[in-house]
Amino acid sequence: MAEPIRMRIKLNGEVADVRVLISHPMETGLRKDPGTGEAIPLHFIKNVTVTLAGKTVLAAEWSQAMARNPYLQFRVRGARAGDELAVEWIDNLGESNRATGKVPAAT
Amino acid sequence: MPTDEGPTGAVGGGTPLPLPLHTRRSALGAAAAALGALALGLLRPLTAWAAWNQAAFDTKDVFQAIKLVGAGNAEPSPDIVINAPEIAENGAQVPIEIQSNVPGTETIYIFADKNVQPYVGNFTFSNGAEPYIATRIKMGETCDLRVVVRAGGKFYVATREVKVTIGGCGT
Chain A
1 MAEPIRMRIK LNGEVADVRV LISHPMETGL RKDPGTGEAI PLHFIKNVTV TLAGKTVLAA
61 EWSQAMARNP YLQFRVRGAR AGDELAVEWI DNLGESNRAT GKVPAAT
Chain B
1001 MPTDEGPTGA VGGGTPLPLP LHTRRSALGA AAAALGALAL GLLRPLTAWA AWNQAAFDTK
1061 DVFQAIKLVG AGNAEPSPDI VINAPEIAEN GAQVPIEIQS NVPGTETIYI FADKNVQPYV
1121 GNFTFSNGAE PYIATRIKMG ETCDLRVVVR AGGKFYVATR EVKVTIGGCG T
């Protein structure tokens, strides 16, 4: 079971500033297990989709060169308090995760 | 599942899809994953995604990768702002920040010239998302970060050198 996606959303006027932290090993397939000496298999997030109020705002395609426990910060204009932000990912092994958050009142 | 949805919280969790695990990518595995994702309500309908550009992700030559994403004729642009450390102490976690001021930016593509496979990934913005992204990437050694922007069907490029003291691809 994947660890929860963490997100922090701030609304500045009509711009939502979003920071997301995803838990994922993002293995390159090049690392060797220190105990067995075997290569740890390739395991990385391939697609990330973010929606705001039901509309896709960010879509990403990733390689294993994105860092472990990927961090993202992005901004969306036209956001309103109460809008639901959803972050979803799927990896090369078919595992996936999804989390939602609400845009808070403007600060 | 708790539904705390405050500004600093997240409703998290999810379950791995009930698919057999593959440690090697295969057409069947990828198709099954995509169907499973569709069932989860994840992602767009399959037809809305361009086909995964395996060739671009696999190539070891950055200029070939750029050509394979269609940006072979990218013109240098001062409107792509790349913030990255001059010296990255940890090549496994290099923080980068990209702001594209090219009007009509649709997609930002990131490459690290000397990574074994230089194509790091891409981000497509829509429905009000600003052409801005901050994230962290792995860099194997000192090289140029090469950022390509697609805007209005044309491509633009900017680079910034990042010195890497401890390479991050094998760690």
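Chains as they are written, first to last, in my numbering: chain A, 1 to 107; chain B, 1001 to 1171.
Quick reminder that beta carbons are idealized off the backbone N, C-alpha and C, glycines included.
All of these numbers come straight from a predicted model, not from anything done at the bench.
For my contact list, residue i and residue j are in at a C-beta cut-off of 8 Å; report their separation, rounded to the angstrom.
i	j	result
A60(A)	G1121(B)	6 Å
Y1119(B)	A1084(B)	The pair is not a contact, with the Cβ atoms about 17 Å apart (cut-off 8 Å).
V57(A)	V50(A)	5 Å
I9(A)	N69(A)	Going by Cβ atoms, the distance from I9(A) to N69(A) rounds to 19 Å, so no, they are not a contact pair.
L1068(B)	N1090(B)	So it is not a contact: roughly 29 Å between Cβ atoms.
V1094(B)	G1167(B)	Rounded, the Cβ-Cβ distance is 10 Å, inconsistent with contact.
Let me confirm a value: residue i is counted as buried when at least 16 other C-beta atoms fall within 10 Å, else exposed. Which label applies?
i	result
I1108(B)	buried
R1136(B)	buried
G1152(B)	exposed
Q1117(B)	buried
D1113(B)	buried
D91(A)	buried
A99(A)	buried
T107(A)	exposed
R77(A)	exposed
A1051(B)	exposed
A1129(B)	buried
A16(A)	buried
A105(A)	exposed
Taking the alpha carbon of residue i as the reference point, which residue from the options has its own alpha carbon closest?
i	options	result
P1165(B)	A1151(B), N1053(B), E1086(B) and N1127(B)	Note that residue 1165(B) is Thr in the sequence shown, not Pro. Cα-wise, what sits closest to T1165(B) is E1086(B).
N1115(B)	R6(A), G35(A), S63(A) and A105(A)	S63(A)
S1100(B)	E88(A), G35(A) and F74(A)	F74(A)
V1157(B)	A1051(B), A1056(B), I1098(B) and E1141(B)	I1098(B)
D83(A)	L52(A), D33(A) and W89(A)	L52(A)
V18(A)	K1138(B), I1133(B), E1141(B) and C1169(B)	I1133(B)
V1102(B)	C1169(B), G1167(B) and F1155(B)	F1155(B)
E3(A)	P104(A), E95(A) and A105(A)	E95(A)
H24(A)	A16(A), W89(A) and R31(A)	W89(A)
L42(A)	A65(A), N97(A), V87(A) and K55(A)	A65(A)
L85(A)	K55(A), G35(A), G29(A) and T36(A)	K55(A)
E27(A)	A1092(B), A1129(B) and A1088(B)	A1092(B)
Would you say residue i lies against chain C (beta-carbon separation less than 8 Å)?
i	result
A1129(B)	You won't find chain C in this structure, because its protein chains are A and B.
I need the straight-line Cα distance from residue i to residue j, nearest angstrom please.
i	j	result
G13(A)	A39(A)	49 Å
R1160(B)	E1106(B)	21 Å
D1058(B)	N1073(B)	20 Å
G101(A)	R80(A)	13 Å
E1075(B)	P1131(B)	18 Å
D1061(B)	S1126(B)	30 Å
T1124(B)	D33(A)	35 Å
I45(A)	A1056(B)	16 Å
R6(A)	A67(A)	16 Å
E1141(B)	K1163(B)	7 Å
L11(A)	R31(A)	40 Å
G87(A)	C1143(B)	Sequence check: residue 87(A) is Val here, not Gly. Roughly 31 Å between the two C-alpha positions.
F1063(B)	Y71(A)	27 Å
I1110(B)	L1145(B)	7 Å
G37(A)	N97(A)	30 Å
G35(A)	G1104(B)	50 Å
V103(A)	V20(A)	13 Å
The segment 1067-1081 of chain B in contact with the segment 1138-1151 of chain B per 3-pair CB rule at 8 Å: Touching, yes.
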